[in-house]
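Peer 1: Below is one structure. I have some questions about it.
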Amino acid sequence: MKAEIISVGTELLLGQVVNSDTAYVARELAALGFDIRYTCTVGDNAQRLAETLKNAFAHSDIVVTTGGLGPTDDDLTKQTCAAAAGKKLCCHEETRRRLEAYFEGRVCGPSQLNQAMLPQGCTVFPNDHGTAPGCGLTTEEGKILLMLPGPPRELVPMLRNYAVPYLSRWADGVIFSTSIRAFGIGEGSAAEKISDLMQGANPTAATYALENEMYVRVTAKAKTKEAAQALCDPLAEKVRQRLGGFVYGTDVASLEVVVVEELKKQHKLLATAESCTGGLLAQRITDIAGASQVFHMGLVTYSNAVKNLLLDVPQEILDTKGAVSPETAFAMAQGVRQKAHADFGVGITGVAGPKTSEEKPVGYILIALDDGERTYLRTMTGRGGRKDRDYLRHLASSNALDMLRRRLLGLPGIETAAYESR
1 MKAEIISVGT ELLLGQVVNS DTAYVARELA ALGFDIRYTC TVGDNAQRLA
51 ETLKNAFAHS DIVVTTGGLG PTDDDLTKQT CAAAAGKKLC CHEETRRRLE
101 AYFEGRVCGP SQLNQAMLPQ GCTVFPNDHG TAPGCGLTTE EGKILLMLPG
151 PPRELVPMLR NYAVPYLSRW ADGVIFSTSI RAFGIGEGSA AEKISDLMQG
201 ANPTAATYAL ENEMYVRVTA KAKTKEAAQA LCDPLAEKVR QRLGGFVYGT
251 DVASLEVVVV EELKKQHKLL ATAESCTGGL LAQRITDIAG ASQVFHMGLV
301 TYSNAVKNLL LDVPQEILDT KGAVSPETAF AMAQGVRQKA HADFGVGITG
351 VAGPKTSEEK PVGYILIALD DGERTYLRTM TGRGGRKDRD YLRHLASSNA
401 LDMLRRRLLG LPGIETAAYE SR
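Quick look at the structure:
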């Protein structure tokens, strides 16, 4: 079946909000085996939305709208879609009760209660993270129409918990995908390593670039999820073997998740001392639930005085070698590990820009990892590549996480710095 996604919102057209909804919906539709032919964005204008829906119904079997379901005057999706589908709006009592309970103790005016007005005969998708429900229905011409809220925190759970099960009855076969994530190798280099594995039709393998890393998606289609996965698994294993130690996980959320989980498994404790990254490494680690079991301390030691005061970095090193030097990075990693009584200490110092420092180029960043027996060092030389500050800080923190991962797993390449992902 052919599918189309219509994103509704003037803020999307003007670039004021990034449209991530289309990506979320497209992935789920593709996983159900639907053929996504078109995606488009239309502003908060009933006439233009009506025209867009008319065109969509002409060439697609399934139409999914996102956004425009809220209580304000410019939320016109529900009324316009109902009219296009030949349906009247009526009060959905369960939704009305949910809204009254949600606003208990506060004013729940007519505009809020209007969110309970839904197309007659539709299947209602409760909003477990907001107020505006979604819904699915079949038009008089047999077209399938879904309406979902715009905010991703509301859309994503509704999509997975209600919309996907609703659509699955029309699915012809099942698509299964698995993502093999890697750090330290660019998309082009990875594609060269697995070029022969990317020639198949079912399953398929394709490379994709992310910020500072990349992944390979292996996809197959079959009658059942189990059969599709059985097609994927052998190819995914070949991909992992080809990419070797660059692979940090399969179907995992992030590099920091892998590191925190491995620290937990090994009952190891970590402490960090950061300068140019400004605590970004500590933030990425503590963003992971349960990090308190393995993360003891994170310091941002920006000035030389504080490096000396809190980390016992010798003043002689700071005076003769400078803050951005291997010796300082070593002393930071060793000092924070000892102060925190941790198993591992990480020290990061460097030049993130926009100006050079100590005659070092922008992008020259040193990451040290101390385990009590040895101190490892990665050097980002600053030659070539992107120079924007946020990118360099994120890349440095990713290098630190990769050093930890390789040390924990006994992999080679602990001191080999990674630069571009593309």
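Going by the UniProt record's numbering, the first residue of the sequence shown is number 1, and it counts up by one from there.
Every residue gets a Cβ at the ideal spot worked out from N, C-alpha and C, and that includes glycine.
1. Alpha helix (DSSP H) containing Lys-87: first to last residue?
2. Let me make sure I understand the geometry here. Which of Glu-213, Gly-188, Ala-220 and Gly-184 has the alpha-carbon closest to that of Ala-201?
3. Is His-296 helix, strand or coil by DSSP?
4. Is DSSP giving Val-252 helix, strand or coil here?
5. For Leu-32, does the three-state DSSP call read helix, strand or coil?
6. Does the stretch 331-340 touch the stretch 356-375, meaning 3 or more C-beta pairs lie closer than 8 Å?
7. Answer with buried or exposed for Asn-161, where buried requires no fewer than 16 other C-beta atoms within 10 angstroms of its C-beta.
8. Can Thr-349 and Val-324 be called in contact, C-beta distance under 8 Å?
9. Tell whether a beta-carbon distance below 8 Å holds between Leu-408 and Leu-263.
10. Do you know offhand how far Glu-11's Cα is from Glu-261's?
11. Please state the DSSP three-state secondary structure of Tyr-102.
12. Using DSSP with H/G/I as helix, E/B as strand and the rest coil, what is Ala-273?
13. Below 8 Å on the Cβ atoms is my contact criterion, and I expect Ile-180 with Val-247 to pass it. Report the Cβ-Cβ distance as a whole number of Å.
14. Given Asp-402, which residues of its chain have a CB within under 7 Å of its CB, disregarding the five upstream and five downstream residues?
15. How big is the Cα-Cα spacing for residue 469 and Leu-89?
16. For the stretch 227-241 and the stretch 207-219, state whether three or more C-beta atom pairs, one from each stretch, are separated by less than 8 Å.
17. Taking Cβ positions, are Val-276 and Ile-367 nearer each other than 8 Å?
18. Identify the residues that DSSP records as bridge partners of Pro-119: which are they?
19. In angstroms with no decimal places, state the Cα-to-Cα distance between Ile-194 and Glu-94.
20. What does the alpha-carbon distance come out to for the pair Gln-115 and Arg-284?
21. Considering only residues of the stretch 189-254, which uninterrupted beta strand (DSSP E) runs meet the minimum length of 3 residues and lie entirely inside it, listed in chain order?
22. Output the distance between the C-alpha atoms of Glu-51 and Asn-212, rounded to the nearest integer angstrom.
23. Which same chain residues, not among the five before or five after Val-313, have their C-beta less than 7 Å away from its C-beta?
24. Roughly how many angstroms lie between the CA atoms of Pro-361 and Leu-395, to the nearest whole one?
25. With distances taken from CA atoms, which of Leu-270, Gly-279 and Asn-304 is nearest Phe-295?
26. Per DSSP, which one or two residues make a beta bridge with Met-380?
27. Quick check: the Cα distance between Cys-122 and Lys-87, rounded to an integer number of angstroms?
28. So, at 6 Å on beta carbons, what are the nonlocal neighbours of Ala-191 in its own chain, with the 5 sequence-adjacent residues on each side left out?
29. Provide the residue span of the beta strand (DSSP E) that contains Glu-51, from first to last.
30. Using the Cα positions of Ala-282 and Arg-389, report the straight-line distance between them to the nearest angstrom.
31. I need the DSSP call for Cys-135, collapsed to helix, strand or coil.
32. Starting from Ala-345 and walking both ways along the beta strand (DSSP E), at which residues does that stretch end?
33. At the level of alpha carbons, what is the spacing between Ala-84 and Thr-286?
34. Tell whether a beta-carbon distance below 8 Å holds between Gly-67 and Gly-150.
35. Just the C-alpha distance for Arg-386 and Ala-26, rounded to the nearest angstrom, thanks.
36. Can you tell me the Cα-Cα spacing of Glu-358 and Gln-315, whole angstroms?
Peer 2: Checking against the coordinates, here is how it stands:
1. Careful: Lys-87 lies outside any alpha helix (DSSP H) and carries neither H nor E.
2. Ala-220
3. strand
4. coil
5. coil
6. Segment contact: the stretch 356-375 against the stretch 331-340, three or more CB-CB distances shorter than 8 Å; contact assigned.
7. exposed
8. The answer is yes: Cβ separation under 8 Å.
9. yes
10. 39 Å
11. helix
12. In the structure shown, Ala-273 sits in a strand (DSSP, three-state: E or B).
13. 6 Å
14. Phe-183, Gly-184, Leu-255 and Ala-418
15. With the chain covering only 1 through 422, there is no way to say anything about residue 469.
16. yes
17. According to the sequence displayed, residue 276 carries Cys and not Val. Going by C-beta atoms, Cys-276 is not nearer than 8 Å to Ile-367.
18. According to DSSP, Pro-119 bridges with Leu-89.
19. Distance between the alpha carbons of Ile-194 and Glu-94 is about 53 Å.
20. 38 Å
21. 204-210, 213-222 and 247-250
22. Computed Cα separation, rounded: 41 Å.
23. Lys-307, Thr-328, Ala-331, Met-332 and Gly-335
24. 16 Å
25. Leu-270
26. As DSSP reads the structure, Met-380 sits in a beta bridge with Ile-365.
27. 9 Å
28. Thr-207
29. Per DSSP, Glu-51 belongs to no beta strand (DSSP E); it is in the alpha helix (DSSP H), 46-59.
30. Between the alpha carbons of Ala-282 and Arg-389 lies a gap of roughly 18 Å.
31. strand
32. It is Gly, not Ala, that sits at residue 345 in the sequence shown. First-last of the beta strand (DSSP E) with Gly-345: 344-350.
33. 48 Å
34. yes
35. 31 Å
36. In a straight line, the C-alpha of Glu-358 is about 16 Å away from that of Gln-315.
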